[in-house]
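Trainee: Sending over a structure as structure tokens; questions will come in a sec.
In the numbering used here, the protein residues as written are 2 to 230.
Have a look at this one:
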């Protein structure tokens, strides 16, 4: 986000998408947990709490610098871990909410964007391009939602992906020790911040989000007959 301060549509798209995404993530996890009969998340008040209670300061830092971060997972009742596949479904509902929001944003982009043609030799490809404020805004909504989906599935705590790995993984003492080090020792947080910040701070450092966001959005766009340039 820091690098888009001079781009109103991009900046607004990032901020709006992140706020919507955080609330949609929590709502999806809470409601899915209720479906699988775990009332704890609903009683935690996450559906009515403010943004600051849903994010860690480190996630806020990542959003400010790179434009995407992660929402804190909704707490679940540890007793329900005996039904870990039910809990896993509730956890996975958060990232899937991002994915649906990205798809919806692309559908809006298809409406407000303008068609264009790309000539590749003797081939002509019809694409949709963001040549207006509304089109650029909706495209950045899709980019941010897609980025949040990717970040949420990085398999290290404190993301949903990290939670899923240790929820569905082994129960040995070594596995529990690794989970303790990654969470209580904040090693997982350091790894996650490094993956997000280093590609921005050091040119040439590979970006997980940067490498995956293009194929993800093009794949989603193909579901609704949209061609992205």
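Ideal placement from N, C-alpha and C gives every residue a C-beta, glycine not left out.
DSSP three-state call for residue 132: helix, strand or coil?
Mentor: Looking at residue 132 - three-state DSSP - the assignment turns out to be coil, as it is neither helix nor strand.
Trainee: Measuring CB atoms only, is the region 28–36 touching the region 86–98, in the sense that at least three cross pairs come out at less than 8 angstroms?
Mentor: The region 28–36, when compared against the region 86–98, does touch it at the 8 angstroms Cβ threshold.
Trainee: What separation, rounded to the nearest whole angstrom, lies between the Cα atoms of residue 187 and residue 150?
Mentor: Cα to Cα, the separation comes out at about 22 angstroms.
Trainee: With DSSP as the reference, label residue 115 as helix, strand or coil.
Mentor: It is a strand residue.
Trainee: Once you ignore the five residues that flank residue 1 on each side, which residues in its own chain have a CB closer than 7 angstroms to its CB?
Mentor: In the structure as shown, the chain begins at 2 and stops at 230. Residue 1 is therefore absent and cannot be evaluated.
Trainee: What does the alpha-carbon distance come out to for the pair residue 176 and residue 167?
Mentor: Using only the alpha carbons, I get a separation of about 8 angstroms.
Trainee: Can you give me the start and stop residues for the alpha helix (DSSP H) that residue 176 sits inside?
Mentor: Segment 174–184, the alpha helix (DSSP H) holding residue 176.
Trainee: Express the C-alpha separation of residue 199 and residue 206 in angstroms, rounding to a whole number.
Mentor: When rounded, the distance between both Cα atoms is 7 angstroms.
Trainee: Quick check on this structure: which residue in 211, 112, 38 has the alpha carbon closest to the alpha carbon of residue 225?
Mentor: Answer by Cα proximity: 112.
Trainee: Over the uninterrupted alpha helix (DSSP H) stretch that includes residue 219, give me the two end residues.
Mentor: Its alpha helix (DSSP H) spans residues 209–224.
Trainee: Which value, in whole angstroms, describes the spacing of the CA atoms of residue 43 and residue 141?
Mentor: Their Cα atoms are separated by approximately 31 angstroms.
Trainee: So which of 164, 11, 202, 189 has the shortest CA-CA distance to residue 275?
Mentor: Residue coverage of the chain in this structure runs from 2 to 230, which leaves residue 275 outside it and unanswerable.
Trainee: Report the rounded CA-to-CA distance for residue 57 versus residue 193, giving the unit in angstroms.
Mentor: Going from the Cα of residue 57 to the Cα of residue 193 covers about 13 angstroms.
Trainee: Kindly list the residues whose CB is nearer than 7 angstroms to the CB of residue 146, restricted to its own chain and excluding five residues on each side of it in sequence; keep chain order.
Mentor: So the qualifying residues of the chain are 18, 22, 99, 102, 103, 106.
Trainee: Run the CB neighbour count on residue 8, radius 10 Å, all protein chains shown included, and call it buried at 16 or more, exposed below.
Mentor: When all chains shown are included, residue 8 counts as exposed.
Trainee: Taking buried to mean at least 16 other C-beta atoms within 10 Å of its own C-beta, is residue 132 buried or exposed?
Mentor: Exposed is the call here.
Trainee: So, using beta-carbon positions, are residue 169 and residue 85 closer together than 8 angstroms?
Mentor: Cβ distance < 8 angstroms, so residue 169 and residue 85 count as in contact.
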